[in-house]
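Note sheet for the following structure.
Numbering (my numbering), first residue to last: 49 to 869.
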């Protein structure tokens, strides 16, 4: 929970988190009369609160507001773009209010939440201090940015023309602060601040900003082996639960799913984010949770088409363009809602609207006690069904009436978990899923018979285990198992418990056939759930049931057409099948939702590389800075250099990456070292390659002592050993990787380990063994064969220098000449 106006518990140590800060200061405030000051601040407050960025962050519970006497500080937590967009919105609005003259300063950095004398949440830390120094350098109209923020923004083309380097300025305590001025389309102040005219300036650039250093705080780094080893790891992590993307923006262009209004099913609905009207903005999670529960109930009605939360999360609570939104989502009806929670009283207001005619089909206001909120959720679902004339079976009516707990505090904690879990899918921050887990665990502490919460405890711990790379892995696995067993004891046949079982089978025990059977059973209980269709899509492709997987992706996207987390893995499935035009079509849909997303651009570049279209790949990658924080984009660039045989530049990029990034675990560090060792090997620096490979092996050996036996770890060790020239140990590790995860067990990953084995055989001249394997793999759909999970193609065999030892063999030449997919 993100407390806003609620008292904060004092802690002995300041708990730091990264914040994106916008400081606003009224110029000439002290010269105003007292009543003028009060009136101006009131007007400013209303203007700021009316901005879209403010409202969205507040609705998510991810905004802290701190008054500063002659202005305010807005503290965002989602993206460094948030304070910048907010500043531009405010500046644009102020064009109609010439009496209010502001200056603004923006910085991203560590802050901690503290309690002030009024028992309100305030902010402390170096982040707010630097932001204040940035603000102090500006004049009226200026929007000044620290270099840190400017470097983050410069990753995207649409920001670069508007970032103007002011050089370094000496500020308080003799510190040197590198500043940038933001102005565009008449918004902002293009003139040099007076303070910089008077003071000393250093290092002013003559061209728009380009990042020159790594971010000051690291993200979790996943450097992928340039020949495909670590691509296996990255895709495994990212495919189902771990692909981050920027906040989606609403595009005016209709998606490919949209056809004409007349074709939308009459019994189709999208539920927009509920507006939080509570005085305590920390209760924003409550509104999110109520909406999530209503969606869950609606998904149980087979006669309704219900668009999933992810596709609607990007929209405002009460947008004006309902017809366009309905067209994008492929529905006829929209539900809007408001929630207000005061102590143990709740008011929920909903209205159902036909988006094409803008007519109100149904509306209701519920004033209830918190203990009766389950009845409200059920009544809303039934009201929608009746208004749309959807038929309810007896089992569906029973499912809608289920009351999961009699403890309102436990349910409140459960809703907090739902809210944080939903936010996790927007950023994939490990901290968010851990917070969600803590809320769910609090719920079962308050009510040990709360089966729904136990199911969520199991799912959350299983998800953490799936991407785990530290010493808590085994504990997370056991926690997921215990929670599942508790849910099964209480409600063994509920869809929520069965979902938890399916995820445990998929994520933890990797029992894909039982997982498929479980998800199929849940699909009958939740016919309107895109989540279940998603789960079936990924588990069937693990089983090599490709036609079924494609069908499930299509069903999931029909229910969730603007969900990046569906569009991307669906595109990956077409990649595995080497159906690249279909994959590119889905990627274009995704880029329509999140333009200039470096991960998606890198994905497209990987497809072009696999088709042998290196020029098109190079053009696309040229738009991404080499110091991008996106691991996928970075790997695409290194892959391009390898295919172009520019090994020296590849080594330079990898050395810089290894030097500049902090690794969250020794495993990631080992991956980076293996990457560099093999790049040095290809560059002809065998001595340097051996030194780096030895370091990599030591790192990975040390990491593996306290970890589960892992096929990816074995694969990395096989490459390190091969780079060292140790044939027997390299082949042994390659064989072990296949044994740990054979294709019969996993149709996605298994063939990738066979490709790795062929690479090791190629390095040591065993061409007669490698070529038959590659021949078979060219006809096999799989994921882990190269950059972004794309399997080998004739073009990759033709251009990639890792296969050079095979080029003299006629059988290999024939493979390179096969028709491109």
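C-beta atoms are modelled at their ideal positions from N, C-alpha and C, and glycine is treated no differently. In this text, all values refer to a predicted model and were calculated from it rather than measured experimentally.
- 123 is the residue among 118, 119, 123 whose C-alpha sits nearest the C-alpha of residue 109.
- A direct Cα-to-Cα measurement between residue 128 and residue 792 gives close to 45 Å.
- Boundaries cannot be given for residue 709, as no beta strand (DSSP E) includes it and DSSP labels it neither H nor E.
- Residue 156 carries a strand assignment under DSSP once its states are collapsed to helix, strand and coil.
- Looking at 619, 193, 497, the one whose alpha-carbon comes closest to that of residue 536 is 497.
- Inclusion of residue 161 and residue 73 in the CB contact set at 8 Å is not warranted, their separation being larger than that value.
- Scanning 608, 316, 334, 714 for the CA closest to the CA of residue 324 turns up 334.
- Within the stretch 170 to 200, the complete alpha helix (DSSP H) segments at least 4 residues long are 174 to 184, listed from N- to C-terminus.
- In the DSSP assignment, residue 397 falls within the beta strand (DSSP E) that extends over 393 to 402.
- DSSP, read as helix, strand or coil, puts residue 815 in helix.
- Check the Cα spacing between residue 413 and each of 318, 399, 422: the tightest is with 399.
- The beta-carbon distance between residue 747 and residue 718, rounded to whole angstroms, is 4 Å. This is short enough to meet the 8 Å contact definition.
- Between residue 88 and the set 440, 75, 225, 316, the nearest pair of CA atoms involves 75.
- With fewer than 16 other Cβ atoms inside 10 Å of its own Cβ, residue 423 counts as exposed.
- Taking the Cα positions, residue 92 is about 53 Å away from residue 599.
- At the C-beta level, residue 233 and residue 190 stay beyond 8 Å of one another.
- Beyond the five residues adjoining it in sequence on each side, residue 607 comes within less than 8 Å, by CB distance, of 353, 354, 355, 356, 576, 577, 578, 581 in the same chain, given in chain order.
- DSSP places residue 831 in the coil class of the three-state scheme, outside both helix and strand.
- For residue 414, the three-state secondary structure derived from DSSP is strand.
- Assignment of alpha helix (DSSP H) within the stretch 458 to 539, counting only whole runs of 4 or more residues, yields 478 to 494, 499 to 514, 521 to 538 in chain order.
- Around the Cβ of residue 104, a 10 Å sphere holds 16 or more other Cβ atoms; the residue is buried.
- Note on geometry: alpha-carbon atoms of residue 378 and residue 604 lie some 13 Å from one another.
- If only uninterrupted beta strand (DSSP E) runs of at least 3 residues are considered, none is enclosed by the stretch 640 to 716.
- If you look at residue 627, you'll find it isn't in any beta strand (DSSP E); DSSP assigns it neither H nor E.
- Setting aside the 5 residues that flank it on each side, residue 449 is surrounded in the same chain by 426, each with a C-beta closer than 6 Å to its C-beta; the list follows chain order.
- Restricting attention to 499, 493, 504, the CA atom closest to the CA of residue 484 is found in 504.
- Contact between residue 499 and residue 538 holds, with the beta-carbon distance rounding to 4 Å and staying under 8 Å.
- Setting aside the 5 residues that flank it on each side, residue 534 is surrounded in the same chain by 502, each with a C-beta closer than 7 Å to its C-beta; the list follows chain order.
- A Cβ-Cβ contact shorter than 8 Å links residue 114 with residue 170.
- Beta-bridge annotation (DSSP): residue 453 is not paired with any residue.
- In the structure shown, residue 446 adopts helical secondary structure according to DSSP, grouped into three states.
- The beta-carbon distance between residue 671 and residue 205, rounded to whole angstroms, is 6 Å. This is short enough to meet the 8 Å contact definition.
- By the 16-neighbour rule on beta-carbons within 10 angstroms, residue 405 is exposed.
- Look at residue 146 here: in three-state DSSP terms it is coil, with no helix or strand label.
- By the criterion of a C-beta distance shorter than 8 Å, residue 513 is surrounded in its chain by 521, 524, 525, 528, 555, 556, once the five residues flanking it on both sides are discounted.
- In the three-state scheme derived from DSSP, where H, G and I count as helix and E and B as strand, residue 853 is classed as helix.
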